[in-house]
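This report refers to the structure that appears directly beneath it.
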């Protein structure tokens, strides 16, 4: 297990979590449970602990409120309105505490400036690590914007991964030749004519795959809310093959939520095909006392439940 991976978490008085503990996370973690049980809030807590600056709260609010739309309107309605909106929503997130294997209880509070986060340090394994040293993203998979593509692709170029990115995209759609950012817009070319077209002309599916591949290539930990959104069920195996393969190659920890039976089955099926055992399925539920609890299933238990035909949602 890599030293920057989260292996356990304790959440107190954060949103729907009063006194919650979960442990045993792996490299690729899928979180399931009934609607509104707290899957997204769980990932937000993990993200806040690992990226504890005001930027973490900022990112969560942008993800929840479709900043892909807001950033297109930024010049029209002004930054002041946007950040007043964010400050108001941030109040809903404050007040709780989060503890992980990094051995420090982190209060979930905002700072005076949402736009100027200050790097902080936490202690674990007797060493210090600046939060800024770990590259983390929290995203709703239904949200991509030109700004995010530009930012991620600049990292792909910096790491010299353009050709590898193109090969992975071709694995999803063999008619595609290359992906590039041209005049700040994401575009792809076809093999048969080499002309570049706007990425949205290729459909939502390809756009989500490109975005996810860029994330996996350039981050250390990623949080993907509602991972199956916009992905046709016939492409779920390709989705998980990309996640499991690249996360291992690039040493990335992944947390994703789903409510899809097909998505969970695909996750287990592809892990078995690739013999990738560093996976965990976290099932969130409420007990008879209405307390939020969890069960963590490892690779073997996931496969057993699938073979028995049990509903893992």
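Residue numbers (the working numbering): 15 to 327.
Here a beta-carbon is modelled for each residue, glycine too, at the ideal position from N, C-alpha and C.
Using the DSSP secondary-structure output, state which residues sit across from residue i in a beta bridge.
i	result
residue 212	201
residue 165	According to DSSP, residue 165 bridges with nothing at all.
residue 44	270, 295
residue 190	204
residue 300	306
residue 311	295
residue 320	Beta-bridge pairing links residue 320 to no other residue.
residue 195	200
Below 6 Å CB to CB, which residues in the same chain sit around residue i once its five sequence neighbours on both sides are set aside?
i	result
residue 223	186
residue 323	none
residue 39	20, 21, 294
residue 175	231
residue 25	31, 34, 59, 112
residue 192	180, 203
residue 316	282, 295
residue 188	none
Given residue i, which residues of its chain have a CB within under 8 Å of its CB, disregarding the five upstream and five downstream residues?
i	result
residue 288	255, 258, 259
residue 228	163, 166, 167, 169, 170, 179
residue 300	51, 306, 307
residue 211	201, 202, 203, 204
residue 266	41, 230, 233, 234, 235, 236, 260
Taking residue i as the reference, give the member of the options with the closest Cα.
i	options	result
residue 55	239, 267, 292	239
residue 345	236, 204, 265	Any answer about residue 345 is impossible in this case: the structure gives the chain only from 15 up to 327.
residue 215	206, 230, 190	190
residue 233	268, 283, 202, 243	268
residue 28	184, 43, 57, 251	57
residue 314	291, 213, 302, 303	291
residue 249	277, 312, 225	277
residue 217	53, 194, 244	244
residue 225	200, 43, 210, 177	200
residue 182	208, 253, 209	253
residue 284	266, 251, 213	251
residue 208	194, 266, 312, 286	194
Closer than 7 Å by C-beta to residue i: which residues in its own chain qualify, once you throw out the five before and the five after it? Chain order, please.
i	result
residue 309	297
residue 36	22, 23, 296, 308, 310
residue 279	320
residue 247	276
residue 264	230, 231
residue 286	317
residue 219	244, 245, 246, 249
residue 184	190
At least one CB of chain C closer than 9 Å to the CB of residue i: is that the case?
i	result
residue 264	Here chain C cannot be found, since the structure has a single protein chain.
Given that a residue counts as buried once 16 or more other Cβ atoms are within 10 Å of its Cβ, and exposed if not, what is residue i?
i	result
residue 171	exposed
residue 173	exposed
residue 261	buried
residue 196	exposed
residue 206	exposed
residue 242	buried
residue 281	buried
residue 302	exposed
residue 304	exposed
residue 43	buried
residue 130	At residue 130, the pLDDT of 38 sits below 50, so the modelled position is not reliable; the number obtained from the coordinates is stated separately. Counting Cβ neighbours within 10 Å, residue 130 comes out exposed, since fewer than 16 surround it.
residue 221	buried
Taking 8 Å as the cut-off, is the CB of residue i close to at least one heavy atom of the ligand NAD?
i	result
residue 219	This structure lacks the ligand NAD; in fact it carries no ligand of any kind.
Inset, instruction - Please determine if the segment 265-278 and the segment 40-52 are in contact, where contact requires at least 3 C-beta pairs separated by less than 8 Å. - result: The segment 265-278 is in contact with the segment 40-52.
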